[in-house]
Amino acid sequence: MASPMVWLAADLDATDRSLGEQWTAELHRCAQALGWTLSPWSATSAMTDLRAREFVAPYGTRRIELRAHGWLPILAFVEGKEHRPALKPGDPWEPEPRPYLNPPELVAWWQARGWLVPDAAWLGGLPDPDDLAALSPREGHFLRRLGWNRGDALLLHW
Numbered sequence: 003m004a005s006p007m008v009w010l011a012a013d014l015d016a017t018d019r020s021l022g023e024q025w026t027a028e029l030h031r032c033a034q035a036l037g038w039t040l041s042p043w044s045a046t047s048a049m050t051d052l053r054a055r056e057f058v059a060p061y062g063t064r065r066i067e068l069r070a071h072g073w074l075p076i077l078a079f080v081e082g083k084e085h086r087p088a089l090k091p092g093d094p095w096e097p098e099p100r101p102y103l104n105p106p107e108l109v110a111w112w113q114a115r116g117w118l119v120p121d122a123a124w125l126g127g128l129p130d131p132d133d134l135a136a137l138s139p140r141e142g143h144f145l146r147r148l149g150w151n152r153g154d155a156l157l158l159h160w
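Residue numbers (this note's numbering): 3 to 160.
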């Protein structure tokens with residue numbers, strides 16, 4: 003059974019699969035290099051191992067949530083929430099669909115290190131007939147019924 007990852011197969015073949023293991027170190031390097039702060043909020047989805055961290059721009063002017071695939075070097079950005087409840091490790095968290103963003107400095111930094119950061123417009127678009135044809139008939143039908151965009155299909159549990 004094919005998953006939505008087939009949409010990025012060629013790009014994933016060109017990435018270093020071990021990048022996911024360097025996740026925490028890369029987060030800190032990125033924050034330090036760009037002058038952003040990592041907020042104390044972080045979460046992992048129990049259903050998909052989707053990892054999320056929040057970057058806060060200098061002077062708190064903007065909050066960006068970084069969402070990374072659990073085991074592949076794919077990530078995306080969404081607008082962070084202003085107030086988040088504190089989570090203890092192991093607390094359940096499931097991400098909510100939100101519009102995808104392309105913060106230029108963050109995208110460029112992660113792409114320069116080999117991470118796959120699909121364009122926000124592509125992530126936010128609905129799968130076209132070719133996308134759905136690449137999936138099994140069951141998955142294509144289910145995804146069409148859900149009405150999810152490509153980013154949610156790639157990163158969220160369904």
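Ideal Cβ placement from N, Cα and C applies to all residues, glycine included.
When secondary structure is reduced to three states using DSSP, R100 falls in the coil class, being assigned neither helix nor strand. 8 Å or more divides the Cβ of A48 from the Cβ of E67.
DSSP places W25 in no beta strand (DSSP E) but in the uninterrupted alpha helix (DSSP H) bounded by W25 to L36. Taking C-beta atoms as the reference points, R69 and A78 count as a pair closer than 8 Å. Only residues of its own chain outside the window of five on either side were considered, and among them A54 and R55 have a CB closer than 7 Å to the CB of S44, listed in chain order.
Counted as a single uninterrupted DSSP element, the stretch harbouring R19 is not any beta strand (DSSP E), since DSSP gives it neither H nor E. Put simply, the backbone Cα of L145 is about 26 Å away from that of R19. The three-state reading of DSSP puts W73 in coil, since its state is none of H, G, I, E or B. Take the alpha-carbon of W124 and the one of G149: they are about 15 Å apart. A11 carries a helical assignment under DSSP once its states are collapsed to helix, strand and coil. For V109, the uninterrupted alpha helix (DSSP H) segment begins and ends at P106 to A114. In this model, L21 and H143 are separated by some 33 Å (Cα to Cα).
For A122, the enclosing alpha helix (DSSP H) begins and ends at A122 to G126. Selection T63, Q113, L128 and D51 evaluated against L157 yields D51 as nearest (Cα-Cα).
Rounded to the nearest whole angstrom, the CA to CA distance from T39 to T46 is 19 Å. Straight through space, the alpha carbons of R152 and P101 are spaced by roughly 11 Å.
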